[in-house]
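K.L.:
Residue numbers (the working numbering): 16 to 396.
#1: If you reduce the DSSP assignment to three classes, tell me which class residue 334 lands in.
#2: Would you mind working out which of 241, 376, 170 sits nearest residue 356, comparing C-alpha positions?
#3: With three or more C-beta pairs closer than 8 Å as the rule, is the segment 184-193 touching the segment 212-219?
#4: Pull up the distance between the alpha-carbon of residue 99 and that of residue 66, whole angstroms please.
#5: What's the gap between the Cα of residue 91 and the Cα of residue 327?
#6: Where do the ends of the beta strand (DSSP E) carrying residue 231 lie?
#7: Assuming contact is defined by CB atoms lying nearer than 8 Å, are residue 274 and residue 358 in contact in what I supplied?
#8: Out of 381, 121, 361, 315, state which residue places its alpha-carbon closest to the alpha-carbon of residue 349.
#9: Classify residue 39 as helix, strand or coil using the three-state DSSP reduction.
#10: Could you round the C-beta distance between residue 262 and residue 271 to whole angstroms and report it? I think they count as a contact, below 8 Å.
#11: Going along the chain, which residues of its own chain have a beta-carbon closer than 6 Å to the beta-carbon of residue 362, five neighbours each way excluded?
#12: Considering only residues of the same chain and omitting the five flanking positions on each side of residue 203, which have a CB-CB separation below 8 Å?
#13: In three-state terms, what does DSSP make of residue 328?
#14: Quick test of the definition: if touching needs 3 or more C-beta pairs under 8 Å, does the segment 305-314 touch the segment 119-134?
#15: Can you give the Cα-Cα distance for residue 165 and residue 84, rounded to whole angstroms?
#16: For residue 284, which beta-bridge partners are listed by DSSP?
#17: If you reduce the DSSP assignment to three classes, tell me which class residue 139 lands in.
#18: On the criterion of 16 or more Cβ atoms from any shown chain inside 10 Å, does residue 476 qualify as buried, or is it exposed?
#19: Would you tell me roughly how many angstroms separate the C-alpha atoms of residue 343 and residue 102, rounded to the nearest one?
#20: Taking all protein chains shown into account, do 16 or more other C-beta atoms lie within 10 angstroms of the C-beta of residue 44, making it buried, or fewer, making it exposed?
#21: In this structure, how does DSSP classify residue 100 when only helix, strand and coil are distinguished?
#22: Measuring straight from C-alpha to C-alpha, what distance separates residue 278 and residue 250?
#23: Pick out whichever of 283, 284, 299, 282 has its Cα sitting closest to the Cα of residue 290.
#24: Ignore the nearest five residues each way along the sequence and tell me which others in residue 334's own chain have a CB closer than 7 Å to its CB.
#25: How long is the line joining the alpha carbons of residue 93 and residue 76, rounded to whole angstroms?
#26: What is the rounded straight-line gap between the Cα of residue 238 and the Cα of residue 111?
#27: To the nearest angstrom, how far is the alpha carbon of residue 381 from that of residue 47?
#28: Buried or exposed for residue 216, going by 16 or more other Cβ atoms inside 10 Å?
#29: Would you report the Cα separation of residue 74 and residue 62, rounded to the nearest angstrom?
#30: Am I right that residue 184 and residue 286 are in contact with their C-beta atoms under 8 Å? What's the rounded C-beta distance?
#31: For residue 301, write down the residues that DSSP places opposite it in a beta bridge.
#32: Can you tell me the Cβ-Cβ gap for residue 374 and residue 267, rounded? I've got them flagged as a contact below 8 Å.
#33: Would you mind reading off the limits of the alpha helix (DSSP H) that contains residue 248?
#34: List the residues that DSSP assigns as beta-bridge partners of residue 360.
#35: Could you spell out the range, first to last residue, of the beta strand (DSSP E) harbouring residue 311?
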């Protein structure tokens with residue numbers, strides 16, 4: 016149990032950093048986290064422009080948390096600090112001792128040299144190191160794997176397998192930017208879009224061609240604890256008070272905020288919908304935030320096959336590949352698999368630290384379907 020706060024304090028510390036990191040390693044789930052900000056089309060009365068092309072009328076623009084701040088506790092050895100391997104490329108903002116004194120420094124690679132200060136630091140003395148690090152990872156170049164339907168996979172952008180007994184899954188990260196694509200003859204290839212660890216090009220591109228991607232930026236899934244059943248008394252009260260469906264507990268250094276979207280990557284749920292094919296010039300939108308795959312798509316006249324007649328683009332768009340497509344206005348019956356998605360309904364104010372212990376934070380979640388009712392579904396996720 017956490018200590019340092021009186022029994023009547025409104026903040027309850029139930030886990031310290033060591034216990035929480037061990038818990039999340041064993042029981043955490045891989046989640047796709049999209050941050051949100053209000054589109055400039057939203058009025059002061061909080062009404063979006065339903066015709067806005069930037070946000071597709073939702074009022075929300077999606078992004079990623081690309082940076083975070085953290086505080087490390089490191090030992091001083093001969094005025095030198097050895098940064099953890101995971102933070103070797105971070106930006107060091109501040110170094111301070113237990114008395115609140117700041118120390119000038121010079122960073123070189125994974126080492127930081129303290130160059131002065133109000134007093135001489137003793138050997139093995141613990142100092143605080145405030146850092147700013149990135150969640151974005153980078154590949155200088157990588158040869159892509161052809162998947163089909165105009166998609167090429169960036170290899171290696173996957174999590175380690177789940178440690179949950181009886182469950183085996185690996186989750187793909189999200190490619191967010193590529194400087195350029197080239198063939199083996201160094202001819203440039205135009206990028207049509209991204210879908211997790213896949214890069215989309217023109218479906219008519221020759222299958223025999225090998226592509227190399229240069230300057231690939233990507234973000235891996237985040238491992239948080241998300242619970243919707245068997246909640247303890249405290250979490251159950253939070254869910255009830257804010258009309259939520261689940262509680263997410265996450266490391267203190269991240270800033271999950273209201274309206275952010277969390278997609279569970281550990282499993283799929285079945286869905287069914289009937290849609291009208293809009294036109295030959297536009298994609299069809301399945302009304303879920305993240306569609307994993309299409310099991311069946313048919314009209315009264317014909318069945319259509321994923322990867323041959325159409326592909327899933329973005330998170331929920333059906334993109335038609337050729338001439339074999341439904342007529343404009345045709346009714347389509349679609350069976351699909353989707354990833355359960357939640358929107359943050361309430362950010363719970365909590366201390367990030369107590370007695371030098373980092374404390375996990377919590378948000379109350381609501382199933383995305385509940386937010387989508389009565390408003391236009393977001394298409395830019």
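Glycine is no exception: its CB is placed at the ideal position from the N, C-alpha and C atoms.
Nothing here was measured: the structure is a model prediction, and the numbers come from that model.
P.N.:
So, from the data block:
#1: On the chain shown, residue 334 is found 319 positions in, with the first residue counted as 1. Looking at residue 334 - three-state DSSP - the assignment turns out to be strand.
#2: As a position in the chain shown, residue 356 is number 341, starting the count at 1. Of the candidates 241, 376, 170, the one whose C-alpha sits nearest the C-alpha of residue 356 is 241.
#3: The segment 212-219 vs the segment 184-193: in contact.
#4: Numbered from its first residue, the chain shown carries residue 99 at position 84. Numbered from its first residue, the chain shown carries residue 66 at position 51. Between residue 99 and residue 66, the C-alpha separation is close to 48 Å.
#5: Here residue 91 refers to the residue found at position 76 of the chain shown. Here residue 327 refers to the residue found at position 312 of the chain shown. Going by the C-alpha atoms only, they are around 52 Å apart.
#6: For the purposes of this step, residue 231 is taken as residue 216 along the chain shown, with counting starting at 1. For residue 231, the enclosing beta strand (DSSP E) starts and ends at 226-234.
#7: Start at 1 with the first residue of the chain shown, and residue 274 comes out as number 259. Start at 1 with the first residue of the chain shown, and residue 358 comes out as number 343. Cβ atoms of residue 274 and residue 358: closer than 8 Å.
#8: Locating residue 349 in the chain shown gives position 334, counting from the first residue. Checked all of 381, 121, 361, 315; the closest Cα to residue 349 is 315.
#9: Locating residue 39 in the chain shown gives position 24, counting from the first residue. Looking at residue 39 - three-state DSSP - the assignment turns out to be helix.
#10: Start at 1 with the first residue of the chain shown, and residue 262 comes out as number 247. Start at 1 with the first residue of the chain shown, and residue 271 comes out as number 256. Incorrect: roughly 12 Å between the Cβ atoms, too far for contact.
#11: Locating residue 362 in the chain shown gives position 347, counting from the first residue. Apart from sequence neighbours up to five positions away, the residues of its chain that approach residue 362 with a beta-carbon distance below 6 Å are 272, 273, 378, ordered along the chain.
#12: Residue 203 sits at position 188 when you count from the first residue of the chain shown. 195, 196, 197.
#13: Counting from 1 along the chain shown, the entry for residue 328 is found at position 313. Residue 328 carries a strand assignment under DSSP once its states are collapsed to helix, strand and coil.
#14: no
#15: Start at 1 with the first residue of the chain shown, and residue 165 comes out as number 150. Start at 1 with the first residue of the chain shown, and residue 84 comes out as number 69. Those two C-alpha atoms are separated by around 38 Å.
#16: Residue numbering aside, residue 284 sits at position 269 when the chain shown is read from its first letter. Looking at the DSSP assignment, residue 284 forms a beta bridge with 353.
#17: Locating residue 139 in the chain shown gives position 124, where the first residue counts as 1. In the three-state DSSP reduction, residue 139 falls in the coil class, being neither helix nor strand.
#18: Any question about residue 476 goes unanswered here, given that the chain covers just 16 to 396.
#19: Here the question's residue 343 lines up with position 328 in the chain shown. Here the question's residue 102 lines up with position 87 in the chain shown. One C-alpha to the other measures close to 53 Å.
#20: Indexing the chain shown from 1 puts residue 44 at position 29. When all chains shown are included, residue 44 counts as buried.
#21: As a working note, residue 100 is residue 85 in the chain shown. Correct three-state label for residue 100: helix.
#22: Taking the first residue of the chain shown as 1, we reach residue 278 at position 263. Taking the first residue of the chain shown as 1, we reach residue 250 at position 235. Near 20 Å, if we compare the C-alpha coordinates of residue 250 and residue 278.
#23: Counted from its first residue, the chain shown places residue 290 at position 275. If we check each option's Cα against that of residue 290, 299 comes out closest.
#24: Taking the first residue of the chain shown as position 1, residue 334 is located at position 319. The residues are 298, 325, 326, 328.
#25: Position 78 of the chain shown, counting from 1, holds the residue named residue 93. Position 61 of the chain shown, counting from 1, holds the residue named residue 76. Those two C-alpha atoms are separated by around 48 Å.
#26: Residue 238 sits at position 223 when you count from the first residue of the chain shown. Residue 111 sits at position 96 when you count from the first residue of the chain shown. The straight-line gap from Cα to Cα measures roughly 30 Å.
#27: Taking the chain shown and counting its residues from 1, the one referred to as residue 381 is at position 366. Taking the chain shown and counting its residues from 1, the one referred to as residue 47 is at position 32. Each residue's alpha carbon lies about 15 Å from the other.
#28: Position 201 of the chain shown, counting from 1, holds the residue named residue 216. Looking at its Cβ environment, which holds 16 or more other Cβ atoms inside 10 Å, residue 216 is buried.
#29: For the purposes of this step, residue 74 is taken as the residue at position 59 of the chain shown. For the purposes of this step, residue 62 is taken as the residue at position 47 of the chain shown. Per the coordinates, the alpha-carbon of residue 74 lies some 8 Å from the alpha-carbon of residue 62.
#30: On the chain shown, position 169 is the one that residue 184 refers to. On the chain shown, position 271 is the one that residue 286 refers to. With 8 Å as the limit, residue 184 and residue 286 do not qualify as a contact, their Cβ atoms being about 19 Å apart.
#31: As a working note, residue 301 is residue 286 in the chain shown. None; residue 301 has no bridge partner.
#32: If you number the chain shown from 1, residue 374 lands on position 359. If you number the chain shown from 1, residue 267 lands on position 252. That belief holds up - the Cβ atoms of residue 374 and residue 267 are roughly 6 Å apart, short of 8 Å.
#33: As a working mapping, residue 248 is identified with position 233 in the chain shown. Unbroken alpha helix (DSSP H) run through residue 248: 248-256.
#34: Counting from one through the chain shown, the residue named residue 360 turns up at place 345. Answer is none; residue 360 lacks a bridge partner.
#35: Taking the chain shown and counting its residues from 1, one reaches residue 311 at position 296. Segment 306-313, the beta strand (DSSP E) holding residue 311.
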